[in-house]
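Only one structure is covered here, and it is reproduced in the block below.
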Amino acid sequence: MAQEEPFIGCTGDVGDDLGSRIIAARQVRNVMRLAFLIEKTYAPYFKWFGSAFAKLTCAPKLMPLFENVWQVNNWQPREAALNEAYLFMARWHNKLNLTDLLPAEVSYFHERPYRIINSELFAEALYSQIKEPQVRTLPHGLGNLDQISDSTDVLSKPKRFPKFSALFAQGDPYSKT
């Protein structure tokens, strides 16, 4: 999520409202997927994703924010609505006591006019809590297969999963570890 946080504003600022909307929709999907993880609930493939999300306990709080993200016609209120969703998730994270308390606040992206929550702080704090050596040596930031591909043709064929094992090999050149 962190890489694309400022992009809603960056694209909107240059008049690319379609790009801003697309990135915002991707970020909403990321927040939804994170909610499934936090609620320890299976996230189905996209045909049923919205219906399943609506049943989560967090849905009544997040769905109105998502509606605001999708319905506004310029990037500033879109960014503000998305930041409200990020803040909800940040506060939720803090209540879980998985890491030290982290700032649930919106700030500017460097000296630029785009507002973000710095979700990378949360990802790094969670990563620092991983103690299992085999998990710590996996490529940093890669996630699992459904974070790499959302193709139904890939995810619905478990026999194909081993073909992706090279992505998770130790010594990956893109790994931070």
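Going by UniProt numbering, the sequence shown opens with residue 1, and the numbers climb by one from there.
All residues carry an ideal CB built from backbone N, CA and C; glycine is no exception.
This one's a predicted model, so the numbers in the text were calculated from it and none came from an experiment.
Cut-off 8 Å between Cβ atoms - residues of its own chain near residue i, not counting five sequence neighbours on either side
i    : result
I8   : S20, I23, A24, Q27, W75, R78, E79, L82, Y114
F88  : C58, K61, L62, L65
L96  : I38
E46  : Strictly speaking, residue 46 in this sequence is Phe, with Glu absent from that position. Within the same chain, F46 has close Cβ partners D150, T152.
L155 : Y45, L145, D146, S149
F161 : L145
T99  : H93, F122, A125, L126, S128, Q129
beta-carbon residue i near the ligand MG non-hydrogen atom, thresh 7 Å
i    : result
R160 : For the structure depicted, the ligand MG is absent and the ligand set is empty, with no information on it obtainable.
Sequence-distant residues of its chain with Cβ nearer than 6 Å to residue i (five each side left out)
i    : result
F66  : V28
E84  : L65
D13  : none
F168 : L138
Y86  : I117
Between the CA atoms of residue j and residue i - distance to the nearest angstrom
i           : j    : result
P173        : C10  : Confidence at P173 is low in this model, with a pLDDT of 46, below 50, so the placement of that residue should be treated as unreliable; the coordinate-derived value is given next. Each residue's alpha carbon lies about 29 Å from the other.
S107        : S119 : 11 Å
H110        : I117 : 12 Å
F122        : L18  : 29 Å
K159        : M1   : 29 Å
A104        : A90  : 5 Å
R136        : N73  : 42 Å
residue 186 : L102 : In the structure as shown, the chain begins at 1 and stops at 177. Residue 186 is therefore absent and cannot be evaluated.
N144        : N68  : 30 Å
E39         : L138 : 24 Å
F164        : K157 : 12 Å
L56         : N30  : 15 Å
Q71         : R112 : 25 Å
Buried versus exposed, by CB contacts within 10 Å (16 or more), residue i
i    : result
E132 : exposed
T53  : Correcting the residue identity first, residue 53 is Phe in this sequence and not Thr. Under this definition F53 is a buried residue.
A166 : exposed
L34  : buried
G15  : exposed
Y42  : exposed
P6   : buried
Within-8 Å CB hit, residue i to chain B
i   : result
F36 : Within the model displayed, chain B is absent; a lone protein chain is all it includes.
Neighbourhood of residue i by C-beta distance below 7 Å, restricted to the same chain and skipping five residues each side
i  : result
E4 : I23, R26, Q27
Let me know the alpha helix (DSSP H) ranges lying completely inside the region 103-160, each 4 residues or longer, listed in chain order.
Along the length of the region 103-160, whole alpha helix (DSSP H) runs at least 4 residues long occupy 120-128, 133-136, 145-148, 152-155, reported in chain order.
Extract the residue ranges of the alpha helix (DSSP H) inside the UniProt domain "DUF4037" (1-49), only unbroken runs of 4 or more that lie entirely within it.
7-13, 17-38
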